[in-house]
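Participant: First the structure, then my questions, so here it is.
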Amino acid sequence: MGKFVQLKQSLLLFKTAAVGSAIVIMIASWFLYVQLQQTRALNDHLFQLQTQIQRLLDQEERFLIERQRDSLASIEDDRFSYRESYSLLLNMLVAQQRDLDQLFKLDEEVKRFTLKYEQLASMQALLGYDKEEGVYGNFRRQAHALQDIAKQTSHPQLEILLLELRRREKDFLLRLDPNYLLMHQDLLVRTEQLITSQFPDKAQELMSILNQYQQGFKTYISVLQKQGLDHSQGVRAELHQLKLSIRGHFEVVSKQLFNEDLTEKQNLILTCLVIIVSISCFSLLLLFVLNTRISEHIISISRVLKNVAQHEDFSIRVNINGEDEIAQIAHHLDSLLAFIETLLERLTAAQQRLIEEAKMASLGNMVSGFAHELNTPLGVAITSQSHLKEQVEVLKKDLESGQLQKQTLTNLIAEAESALSLLENNLLRTASLIDDFKKVSVQQEYDEIQEFNLKALVSGVLDCYQHELSKPDYQLEVEIPEQLMLTSFPNVFVQIITYSIGNCIQHAKQEGRVLNIVISALVVNDYIHLYVKDDGKGIDKELLPIIFEPFITTQRNKGGIGLGLSIIYNLVTQKLNGEVKIQSPAHGGACLHIILANTSFQLEEN
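Printed below as a string of C-alpha cells:
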C-alpha cells in the first residue's frame, strides 16, 4: 500500500504543477496574442501593398507580351487599389508615430513607374495594336501591294525575293535579333536591283511602293528601339531600373517596420518566456522523477508486446518484480501470455490433425475413383479370359475324341482372336490407369522440384476422378497447352487440382443440373495463370473476404471441415510463391485464379 500512495501523490503533485503552468501560459498567451494581432495587421497591410505594387509591375510584362489594348484596361484599377493599400498603411503608421521617409520614397518611385508605363503604351499605340493599325499596318499594306504586283507579273524570282523579305521581317519581329535586320537590308537591295533590271516599265511604281514599305519598316524599328528590344534598352530599361528600385525600397520599408515592431515586443516576449520556462522546468523536474519510477516497467511491457506482435512468440514474459500498479499489470500480462501459448498449442495440434484428415479423405476419394475405373477393364479382361478358357476346353475335348471339324476350329480361332483382342485392349487400359496413378502417388510421396508437363499431370489426376465426374452429371474440359512444361513441385499441383475438384463436387453441384468444370492455363507476360472454373451455385458474397481462412465451410453438417481452400492458399503462397484469388459472380459459378510469377516454364509453339 505504501508504494500505491507514493505513486498517487506523485501524480497529484504533477497534475497541480501542470494546471498552474497551463494558467500562466494562458495569461501570457493572451498578452502575446494581442501583440501578435497588431503585428499581423501590419503584415497584412504590407502584404496588400506588396501585392498591389507587384500587379502594377506585372502590367508592363503583360503589356509587352500581349501588346493589346486590353492589357491597359486594368491599369487604372490597379493604380486605385495601390493608392487604397498605401493610404491604409500610411494611416496605421501615422497612428503608431513611425518614420515615414522610406514609405514616401517608395510612393515616388511608383509614380515614376506609372508615368514611364504610359509612355511605353503611347509608343505602342504609334506602332499599332493589330495588323491593320499604325506603322505596322502601313508597311504591311505596302508589302502586300508588292506581292500582288509580283503575282500579276508572274515573275517567280521577284515573288521569292518578296517572300524572303517578309520572312526576315517576321523573324526579326519574333526574335528581335539584329542579324535578321542585316539579312532584310540585303534582300531590299537585291529587290531594288531586280526591279530596275527586269521591270523598266514598272520600276517607278514598284520602287515607290518598296520605298514606302522600307520607310515604314524603319520607322517601326526606330520606335521599337526607343521602347527597347530588351530590358537593357530604351524605355524598357528605365522601367526595369524603376522596378528594381521599387522592390529595393519596399524591402527597406519592410525591414524598417519589422525591426521597429520586433524591438517593441521583445521585452514582453522575453518576460513571458522566463515565466513559462521557469514553470516548465519545475514541471519537467517532477515529470522526470515520476518517469524514472514507472518508465522502466512500461518500456519492458511495451518491448514484450512488440516482440510478441512481430514474432508471434507467446513464450516471452515480462518478469517484473514489485507490487505497484504497473507491476500488477505485468503479472496479469504474463498470465495472459501463458494462457494464449497453451491455447495456441492446442489449436495448432487440432488444426494439423484436421489437415491430415482432409488430405487422407482427398486421397481416399481419389483411390476410390481409381478403383472404380480400374474395375471395368479388369472385369472385361477376366470375362474374356474365362470365355477363352472355355473355348480351349471345347477344342481339347473335340481333339481327343476325334470329332474336331474344320468349321469348328475356324469358329474357335475367330472367337479366340476376338477374346484376345478384347483382353489386350482392356489390359492396356488397365496399365494406362495404373501408370497414371503411379505418377500421382509418386508425386505425392516425393516433394522435389521436377520438370513435368502440366496438362499430363492434370489429366492423370482427373483420371482418378472419372467415377465421380461421370456424364451426364458433369462436363469436364481441360484447356492447357500441350507443350507447357513447368519446373516446380508436381506434388503441390496434384494437391491443388485434387482439392479444387473436391470442392467442385462437394459445393458447386446442383441437383438436376449438369456441372461444367473447366481447368485452363495460359502464359501472359511470363506469368502462369491457372484457372479452375465451374458454373455451379457459387459462393455467398459474405464468405468471399474470408474464404481462404481455415474451417470456413457451408457443408459442416455434411462432413465438410473447411480446410481445402486454406490448404490451396498456403500451397500457392508459401510453396510456389504465387498469388491466389477467387471470384463468384452474382449469377452463380466460381473461378479459382492462381498467378505464378516465380515458376520456371517452357512453352514451345508448334
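Positions 14 to 619 (this note's numbering) are the ones given, in order, by the sequence shown. For every residue, glycine included, the Cβ atom is placed at its ideal position computed from N, Cα and C. Since the model is a prediction, treat every value here as computed from it, not as a measurement.
Using the rule of at least 16 other Cβ atoms within 10 Å of the residue's Cβ for burial, across every protein chain shown, is residue 176 buried or exposed?
Facilitator: exposed
Participant: Select from 265, 151 and 289 the residue whose C-alpha is nearest the C-alpha of residue 230.
Facilitator: 151
Participant: Pull up the distance between the alpha-carbon of residue 29 and that of residue 291, whole angstroms please.
Facilitator: Roughly 15 Å between the two C-alpha positions.
Participant: How is residue 253 classed by DSSP in three states: helix, strand or coil?
Facilitator: Correct three-state label for residue 253: helix.
Participant: Can you tell me the Cβ-Cβ gap for residue 63 and residue 263, rounded? I've got them flagged as a contact below 8 Å.
Facilitator: 6 Å
Participant: Relative to the C-alpha of residue 130, which candidate in 68, 166 and 185 has its C-alpha closest?
Facilitator: In this structure, 68 is the residue among 68, 166 and 185 with its C-alpha nearest to the C-alpha of residue 130.
Participant: How would you call residue 547, buried or exposed, if buried means at least 16 neighbouring beta carbons within 10 angstroms?
Facilitator: buried
Participant: Using DSSP with H/G/I as helix, E/B as strand and the rest coil, what is residue 608?
Facilitator: strand
Participant: With the cut-off set at 8 Å, would you say residue 586 and residue 499 are in Cβ contact?
Facilitator: no
Participant: Is residue 547 helix, strand or coil by DSSP?
Facilitator: strand
Participant: Do you know how far the Cα of residue 348 is from the Cα of residue 471?
Facilitator: Going by the C-alpha atoms only, they are around 51 Å apart.
Participant: For residue 532, which beta-bridge partners are listed by DSSP?
Facilitator: 491 and 545
Participant: How is the beta strand (DSSP E) around residue 466 delimited, first residue to last?
Facilitator: 463–466
Participant: Residue 557 and residue 595 look like a contact to me (Cβ under 8 Å); what is the Cβ gap, rounded to whole Å?
Facilitator: Confirmed, about 7 Å.
Participant: Below 8 Å, can you find three or more Cβ-Cβ pairs linking the stretch 115–128 to the stretch 94–105?
Facilitator: The stretch 115–128, when compared against the stretch 94–105, does touch it at the 8 Å Cβ threshold.
Participant: Kindly list the residues whose CB is nearer than 8 Å to the CB of residue 136, restricted to its own chain and excluding five residues on each side of it in sequence; keep chain order.
Facilitator: 236, 239, 240 and 248
Participant: What's the gap between the Cα of residue 297 and the Cα of residue 31?
Facilitator: 9 Å
Participant: So residue 106 is in the alpha helix (DSSP H); what residue range does that whole segment cover?
Facilitator: 88–108
Participant: Could you check which residue in 518, 523, 598 and 614 has the C-alpha nearest to that of residue 5?
Facilitator: Past the boundaries of the shown model lies residue 5; the chain is included only from 14 to 619, so the question cannot be answered.
Participant: Tell me which residues share the same chain as residue 226 and place their Cβ nearer than 7 Å to its Cβ, disregarding the 5 neighbours each side in the sequence.
Facilitator: 152, 155, 156 and 159
Participant: What would DSSP say about residue 593, mapped onto helix, strand or coil?
Facilitator: Of the three classes helix, strand and coil, the one that applies to residue 593 here is strand, per DSSP.
Participant: Nearest by alpha-carbon distance to residue 616: which of 478, 582, 133 and 465 is it?
Facilitator: 465
Participant: Are the beta-carbon atoms belonging to residue 504 and residue 577 less than 8 Å from one another?
Facilitator: no
Participant: Would you please state the rounded distance, in angstroms, between the beta carbons of residue 593 and residue 581? I believe it to be under 8 Å.
Facilitator: For a cut-off of 8 Å, the C-beta gap from residue 593 to residue 581 is around 7 Å, short enough to register as a contact.
Participant: Can you have a look at residue 206 and say buried or exposed, based on whether 16 or more other CB atoms are within 10 angstroms of its CB?
Facilitator: Classified as exposed, residue 206 has fewer than 16 neighbouring CB atoms from the shown chains inside 10 Å of its CB.
Participant: With a CB to CB cut of under 6 Å and the five nearest residues on each side skipped, what residues in its chain are close to residue 204?
Facilitator: 174
Participant: Just how far apart, CA to CA, sit residue 463 and residue 502?
Facilitator: 6 Å
Participant: Output the distance between the C-alpha atoms of residue 487 and residue 605, rounded to the nearest integer angstrom.
Facilitator: Straight across, the Cα-Cα distance linking residue 487 with residue 605 is about 18 Å.
Participant: Give me, in chain order, the residues of the same chain whose beta-carbon lies closer than 6 Å to that of residue 172; leave out the 5 immediate sequence neighbours on both sides.
Facilitator: 163
Participant: How about the stretch 180–194 and the stretch 244–259: do they share at least three Cβ pairs that are nearer than 8 Å?
Facilitator: Three or more beta-carbon pairs separated by less than 8 Å are not found between the stretch 180–194 and the stretch 244–259, which leaves the two stretches without contact.
Participant: Residue 615 lies in the beta strand (DSSP E); which residues open and close that run?
Facilitator: Note, residue 615: beta strand (DSSP E), 613–616.
Participant: In whole angstroms, what separates the C-alpha of residue 33 from that of residue 41?
Facilitator: 12 Å
Participant: Taking residue 501 as part of the beta strand (DSSP E), name the residues at either end of that continuous run.
Facilitator: 497–501
Participant: Roughly how many angstroms lie between the CA atoms of residue 132 and residue 181, to the nearest whole one?
Facilitator: 29 Å
Participant: In terms of residues, what are the limits of the alpha helix (DSSP H) holding residue 197?
Facilitator: Looking at the DSSP string, the run of the alpha helix (DSSP H) that includes residue 197 is 191–211.
Participant: Quick check: residue 216 and residue 208, are their CB atoms within less than 8 Å of each other?
Facilitator: yes
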